[in-house]
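Q:
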Amino acid sequence: MQLLEDRIARDGVVKSGNVLKVDSFLNHQIDIDLLDALGAEWARLFQDKPITKILTIEASGIGIACMAALHFDVPVVFAKKTQSLNLDGEMLCTKIDSFTHKKTFDVVVAKRFISPDDHILIIDDFLANGCALRGLIELVGQAGAVVEGLGVAVEKGFQGGGDDLRARGYRVESLAIIESMDAESGAICFRTA
């Protein structure tokens with residue numbers, strides 16, 4: 037998606053360790069018009085699927101998932117990274133290794149929010165090695181629901197997570213795929229079709 041690639045090229049900051057900061061528009065301060073355009077694009081790409089819910093993980097995926105949900109007219113469910121006192125009933129649980137945070141999170145969703153009748157679109161802001169998306173896929177599987185696809189704002193193609201998920205048969209629609217980036221020069225190269 038050219039709009040997103042242009043914004044990353046203009047405002048994204050490449051840091052050492054294969055980190056791309058997009059916090060000025062995507063996951064700290066949020067450009068609502070940009071997120072609305074991302075949601076509209078996923079709605080176009082997945083218009084052939086009977087999406088009943090969107091699933092994401094806290095915290096950075098929530099804003100993106102909510103804007104996408106407006107275009108699908110479905111609810112958003114987000115996996116929580118911490119167990120809290122207000123969570124009750126049966127839980128779907130998994131562990132997810134975070135590339136950004138360099139730690140493993142116990143991730144939970146209340147079982148009552150995903151049923152075997154659901155057709156889930158998983159949305160997230162980043163795809164690096166694919167651990168977060170694989171964990172969300174596992175939660176959907178525990179519920180007996182169907183994963184209809186994976187919508188990603190920014191995929192770091194050079195880290196292989198997206199290629200792995202595609203090889204496993206999942207439909208992954210990443211709106212910007214970064215082929216390479218260099219912290220020293222700040223250069224970002226996008227994958228071309």
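Under the working numbering, the first residue of the sequence shown is numbered 37, with each subsequent residue one higher.
Here a beta-carbon is modelled for each residue, glycine too, at the ideal position from N, C-alpha and C.
#1: May I ask which residues mark the beginning and end of the alpha helix (DSSP H) holding Ser-221?
#2: Does DSSP put Phe-194 in a helix, in a strand, or in coil?
#3: Report, in whole angstroms, the separation of the C-beta atoms of Leu-130 and Glu-174, which I expect to be a contact under 8 Å.
#4: Please identify the residue among Phe-61, Ser-52 and Ile-158 whose C-alpha is closest to the C-alpha of Ile-44.
#5: Buried or exposed, going by whether 16 or more other CB atoms sit within 10 Å of the CB of Glu-220?
#6: Taking Ser-27 as the reference, which of Tyr-206, Lys-51 and Lys-85 has the closest Cα?
#7: Is DSSP giving Asp-84 helix, strand or coil here?
#8: Could you spell out the range, first to last residue, of the alpha helix (DSSP H) harbouring Phe-108?
#9: According to the neighbour-count rule (16 or more other Cβ atoms, all chains shown, within 10 Å of its Cβ), is Glu-77 buried or exposed?
#10: What's the call for Gly-187, buried or exposed, on a 16-neighbour Cβ count within 10 Å?
#11: From this set, Lys-116, Lys-85, Thr-88 and Gly-198, which residue's C-alpha is nearest Phe-162's C-alpha?
#12: Identify whether Phe-141 lies in helix, strand or coil by the three-state DSSP scheme.
#13: For Thr-140, collect the residues of the same chain with a Cβ closer than 8 Å to its Cβ; drop the 5 residues on either side in sequence, then sort them by chain order.
#14: Give me whichever residues DSSP pairs with Glu-209 in a beta bridge.
#15: Do Leu-71 and Leu-172 come within 8 Å of each other at the CB atom, strictly closer than that value?
#16: Comparing the CB of Ile-98 with every heavy atom of the ligand SAM, is any distance shorter than 7 Å?
#17: What residue range does the alpha helix (DSSP H) around Ile-44 cover?
A: The relevant details are as follows:
#1: Position 185 of the sequence shown, counting from 1, holds the residue named residue 221. Looking at the DSSP string, Ser-221 is not in any alpha helix (DSSP H), and its letter there is neither H nor E.
#2: Mapped onto the sequence shown, residue 194 falls at position 158. Residue state, collapsed to three classes: helix.
#3: Counting from one through the sequence shown, the residue named residue 130 turns up at place 94. Counting from one through the sequence shown, the residue named residue 174 turns up at place 138. Correcting the residue type first, residue 130 is Thr in the shown sequence and not Leu. 5 Å between Cβ atoms; contact.
#4: In the sequence shown, residue 44 corresponds to position 8, counting from 1. Comparing Cα positions, the closest option is Phe-61.
#5: Against the sequence shown, residue 220 aligns to sequence position 184. Flag for Glu-220 reads exposed.
#6: Summary: the structure shown does not reach residue 27, with the chain confined to residues 37 through 229, and so no result is reported for it.
#7: Working through the sequence shown from its first residue, we reach residue 84 at position 48. Asp-84: coil per DSSP, three-state reduction.
#8: Residue numbering aside, residue 108 sits at position 72 when the sequence shown is read from its first letter. Residues 96-108.
#9: One-based indexing of the sequence shown puts residue 77 at position 41. It is buried - the Cβ of Glu-77 has at least 16 other Cβ atoms within 10 Å.
#10: Here residue 187 refers to the residue found at position 151 when the sequence shown is read from its first residue. Label assigned to Gly-187: buried.
#11: Your numbering for residue 162 matches position 126 in the sequence shown. Taking only the C-alpha atoms, the option nearest Phe-162 is Gly-198.
#12: Here residue 141 corresponds to residue number 105 of the sequence shown, with the count starting at 1. In this structure, Phe-141 counts as strand in the three-state DSSP scheme.
#13: As a first step, residue 140 is located in the sequence shown; it is residue number 104 there, counting from the start. Correct list, in chain order: Lys-131, Ile-132, Asp-133 and Ser-134.
#14: Stepping through the sequence shown from its first residue, residue 209 is reached at position 173. Note: Glu-209 sits in a beta bridge opposite Gly-187.
#15: Counting from 1 along the sequence shown, the entry for residue 172 is found at position 136. Counting from 1 along the sequence shown, the entry for residue 71 is found at position 35. Contact flag unset, no.
#16: The ligand SAM is absent from the structure shown, which contains no ligand whatsoever.
#17: Numbered from its first residue, the sequence shown carries residue 44 at position 8. Run containing Ile-44: 38-47, per the alpha helix (DSSP H) assignment.
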